[in-house]
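To keep things clear, I will list the structure first and then write my remarks on it.
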């Protein structure tokens, strides 16, 4: 068990624990879920980037206002250090905490939460983070 614990701690888990130790006691299983959900979110963002169609709007109305606020915070973080993008641990922690919040309140599955988060993130940040959301010819020519 010690070699496993050592390797897990050096794969970023220890850092993740520190990110979430403030007001929410997060269990180890939740850390794996959070990290997996974030990677699924990034995959959903990549799908949006390569899709010729604009994604649907965020459909989780109960979380919309809070999610919009989160997106504004992430935009400000990214603007402070544009080379980091979503690699910033602080930006990642905000998104991860919000997705965990949605899960705890709704019990939706990881795919649904990640997809909804990616759609919200797109619609709230597409104009403020052009380096993250490259414009296609079709969407850029109508603006």
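Residue numbers (our numbering): 836 to 978.
For each residue, glycine too, the CB sits at the ideal point set by N, CA and C.
Because the structure is a prediction, the values reported are computed rather than measured.
Apart from the five residues just before and just after residue i, which ones in its own chain have a Cβ nearer than 6 Å to its Cβ?
{"i": "residue 949", "result": "872, 875, 876, 879"}
Could you check the C-alpha separation between residue i and residue j for me, to the nearest Å?
{"i": "residue 955", "j": "residue 909", "result": "12 Å"}
{"i": "residue 890", "j": "residue 967", "result": "15 Å"}
Please classify residue i as buried or exposed, where buried requires at least 16 neighbouring CB atoms within 10 angstroms.
{"i": "residue 951", "result": "buried"}
{"i": "residue 904", "result": "exposed"}
{"i": "residue 897", "result": "exposed"}
{"i": "residue 930", "result": "buried"}
What distance in whole Å lies between the Cβ atoms of residue j and residue i, which are believed to be in contact at a cut-off of 8 Å?
{"i": "residue 958", "j": "residue 892", "result": "6 Å"}
{"i": "residue 869", "j": "residue 953", "result": "Contact flag wrong, Cβ pair sits at about 15 Å."}
Which of the three DSSP states is assigned to residue i in this structure?
{"i": "residue 866", "result": "helix"}
{"i": "residue 871", "result": "helix"}
{"i": "residue 918", "result": "coil"}
{"i": "residue 966", "result": "coil"}
Any C-beta of chain D sitting closer than 8 Å to the C-beta of residue i?
{"i": "residue 924", "result": "Here there is only one protein chain, and chain D is not present."}
Please work out which residues of its chain come closer than 7 Å, Cβ to Cβ, to residue i, disregarding the five sequence neighbours upstream and downstream, and give them in chain order.
{"i": "residue 964", "result": "910, 913"}
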